[in-house]
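For what it's worth, the working numbering labels the leading residue of the first sequence as 47, then goes sequentially.
Think of the CB as a built atom: it goes at the ideal place given N, C-alpha and C, for glycine as much as any other residue.
Predicted, not measured: the structure shown is a model, and the values here were computed from it.
Below: one structure, written as structure tokens.
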Amino acid sequence: MNSPVVTRFAPSPTGFLHIGGARTALFNWLYARGRGGKFLLRIEDTDRARSTPEATAAILSGLTWLGLDWDGEAISQFERADRHAEVAHQMLAQGHAYKCFATQDEIEAFREAARAEGRSTLYQSPWRDADPATHPDAPYVVRVKAARDGETVIEDSVQGRVVFRNDQLDDMVCLRSDGTPTYMLAVVVDDHDMGVTHIIRGDDHLNNAARQAQVYQAMGWPVPQFAHIPLIHGEDGKKLSKRHGALGIEDYQRMGYPSAAIRNYLARLGWSHGDDEFFSDAQATEWFDLGGIGRAPARLDLKKLDHLTAQHFSVLDDAAVLQELRSYLTATDAAPLSETQEEALLRAMPQLKDKAKSFGQILERAHFVLTQRPIQPDEKAGKSLDPVSRSILNELTPHLRNASWERERLETIVGDLAAEHGLGLGKIAQPLRAALAGRTVSPSVFDMMVVLGREETLARLQDAATGG
RNA sequence: GGCCCGUUCGUCUAUCGGUUAGGACGCUAGGUUUUCAACCUAGAAAGAGGGGUUCGACUCCCCUACGGGCUGCCA
47 MNSPVVTRFA PSPTGFLHIG GARTALFNWL YARGRGGKFL LRIEDTDRAR
97 STPEATAAIL SGLTWLGLDW DGEAISQFER ADRHAEVAHQ MLAQGHAYKC
147 FATQDEIEAF REAARAEGRS TLYQSPWRDA DPATHPDAPY VVRVKAARDG
197 ETVIEDSVQG RVVFRNDQLD DMVCLRSDGT PTYMLAVVVD DHDMGVTHII
247 RGDDHLNNAA RQAQVYQAMG WPVPQFAHIP LIHGEDGKKL SKRHGALGIE
297 DYQRMGYPSA AIRNYLARLG WSHGDDEFFS DAQATEWFDL GGIGRAPARL
347 DLKKLDHLTA QHFSVLDDAA VLQELRSYLT ATDAAPLSET QEEALLRAMP
397 QLKDKAKSFG QILERAHFVL TQRPIQPDEK AGKSLDPVSR SILNELTPHL
447 RNASWERERL ETIVGDLAAE HGLGLGKIAQ PLRAALAGRT VSPSVFDMMV
497 VLGREETLAR LQDAATGG
């Protein structure tokens with residue numbers, strides 16, 4: 047019987063949730079959800095100086111917006127410090143760790159000398175095998191007594207079999223001189239205690255995996271399955287960092303992308319299921335597997351995200367779009383919609399959302415239904431409402447008064463009128479558009495008429511014919 | 001410096017020794033059209049370089065180049 051899958055996302059709260067972290071979280075989430083497993087969240091806040099509650103809040107809200115729900119409460123690594131220390135002392139008692147009294151200056155001097163001589167700069171503590179009787183009464187750190195012979199092998203689901211010679215491994219510090227645990231110790235203890243079965247994380251941790259394996263070994267704990275995924279690079283191929291184009295996930299929300307599109311795009315970035323490009327969450331969870339993850343770093347391509355966004359908007363149901371539009375407005379500090387506006391928006395939604403590339407664009411398209419009479423045409427629209435056009439619109443009005451209000455019928459009426467004047471449909475459609483929307487860009491004039499209804503349409507035509 | 005990982009069209013990728021190296025985004029040309037889009041058709045576009053292994057390498061091995069990561073009492 048297979049043990050149930052448990053994955054986790056373990057960000058350090060030193061800044062916002064960036065796109066790379068979001069993808070790591072997504073992969074863990076997909077893997078767990080696709081297998082009826084658990085997806086846990088742990089905040090790695092053992093670095094007190096750099097951790098902030100604001101960052102934790104930003105990460106949580108970012109995950110929430112992305113729709114990546116985690117099981118149980120988020121765990122604070124810092125709050126588990128006692129347990130980490132307990133494990134360190136256990137290793138100490140069992141001889142798997144030792145007290146190192148070397149000062150920072152001594153270590154620095156060692157490294158400088160090593161560099162100068164071209165040797166490995168991995169610190170080799172003289173206290174590793176020292177007789178406890180010789181221990182001074184001074185501050186010390188606890189170091190893991192790593193194996194020096196043989197090799198450590200990581201069977202990685204993405205990277206394959208990775209072999210490290212043990213003489214390349216250092217005796218990492220697991221308890222600082224103030225008694226607090228380091229990340230290297232804490233991750234192992236927490237992952238074990240939380241029952242994590244699969245560790246999917248950035249490949250910047252690949253080397254660490256070998257070092258952490260020492261702790262698993264010392265404690266006699268089973269080693270989880272590792273999957274080290276490549277980092278995401280910026281559009282110029284350089285590493286993504288906060289000062290180099292890395293944006294928080296909430297920036298993408300503010301750009302107007304729906305979360306479903308982001309999930310699809312991020313999943314496809316570095317992972318593939320044959321030639322499938324556009325898929326739902328259900329398909330993604332069903333298809334996702336570690337073997338489909340690539341080994342090379344990927345770059346962000348917003349154009350492709352735009353394309354996926356258009357497809358997702360087209361299949362999202364109207365209510366869901368409106369729901370997320372509300373949070374988009376909040377995120378962009380825009381005024382919320384009135385109930386009347388929301389109702390109007392919902393009526394027009396099929397036209398508004400179709401192939402839209404952002405919530406911003408949906409709002410643009412929705413302008414005709416969000417504004418009220420009398421409509422102030424913008425400059426370009428004003429130009430198409432010249433006297434000749436206005437008289438044609440005037441002529442159109444009686445035809446509309448008693449027409450059955452269906453798209454096809456309206457199209458015929460306007461088309462016939464254009465033909466009577468020996469004009470192309472465009473010659474009437476443009477002023478009509480200006481009259482109904484006050485702009486030169488809008489949804490189809492016939493769609494607008496249907497959404498607006500007879501009374502409002504006639505009123506706007508009347509305004510345009512008599513105005514200015 | 002040492003160790004580890006990577007390298008297929010501009011970008012994301014398929015291929016898991018035998019393909020005219022496929023798809024998607026973007027791009028170019030043409031078409032359609034009531035605006036912006038969208039849509040339709042066509043097209044250009046790739047295995048970093050060099051050695052092996054093999055009847056046969058994008059695929060396996062080695063070297064080089066380039067990129068990235070780690071090398072902290074950061075995570």
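If you count every other CB in all the chains shown that lies within 10 Å of the CB of residue i, and 16 or more means buried, which is it?
i	result
L348	exposed
D237	buried
K426	exposed
Q35	Here the chain covers residues 47 to 514 and nothing more, so residue 35 does not appear.
A465	exposed
P99	exposed
A155	exposed
G484	buried
W451	exposed
T443	exposed
R207	exposed
P489	buried
P433	exposed
Q123	buried
Q369	exposed
S171	buried
DSSP three-state label for residue i, please.
i	result
L87	strand
I200	strand
G271	Per the sequence shown, the amino acid found at residue 271 is Gln instead of Gly. In the structure shown, Q271 sits in a strand (DSSP, three-state: E or B).
A193	coil
H467	coil
L346	coil
H251	helix
W333	helix
V208	strand
M325	Before going on, a small fix: residue 325 reads as Phe here, not Met. DSSP places F325 in coil when its eight states are reduced to three.
P396	helix
P178	helix
Considering Cα atoms alone, identify which of the options is closest to residue i.
i	options	result
L439	I474, P276 and T458	I474
G66	A402, E132, L277 and P396	L277
F334	P343, E323 and W317	W317
L482	G225, Q422, M301 and G461	Q422
D195	L293, V204, D216 and G206	D216
R126	D177, R94, P227 and F147	P227
G461	A381, D432 and V491	V491
R211	E332, Q260 and F272	Q260
D117	V269, F85, V233 and L375	F85
Q205	A192, T243, N253 and D224	N253
R453	A192, F73 and V497	V497
M395	I339, R341 and I408	I408
A193	R88, C220, A143 and V234	A143
K401	V187, P304, L63 and T503	P304
H274	T243, T102 and L336	L336
T376	F359, T92, G302 and Q387	G302
D128	L231, E370, P185 and D175	L231
Do you know offhand how far residue i's Cα is from residue j's?
i	j	result
L478	E389	24 Å
D493	R506	15 Å
S49	K399	44 Å
R79	R54	12 Å
L346	T70	15 Å
E158	T167	8 Å
E296	Q263	40 Å
G472	A366	34 Å
L456	K403	29 Å
M47	F272	Note that M47 scores 45 on pLDDT, short of 50, meaning its location in the model is unreliable; the coordinates nonetheless yield the value given after this. So the two alpha carbons sit approximately 20 Å from each other.
V242	S203	15 Å
D364	L315	28 Å
S430	R436	9 Å
H358	T102	30 Å
H244	V52	6 Å
D175	D91	32 Å
D352	W111	18 Å
H130	R94	16 Å
Entirely enclosed beta strand (DSSP E) segments - the segment 78-148, minimum 3 residues
Qualifying beta strand (DSSP E) stretches, in chain order: 84-89 and 143-146.
List, from N- to C-terminal side, the beta strand (DSSP E) runs of 3 residues or more that fit wholly inside the segment 399-478.
Fully enclosed beta strand (DSSP E) runs of 3 or longer: not present.
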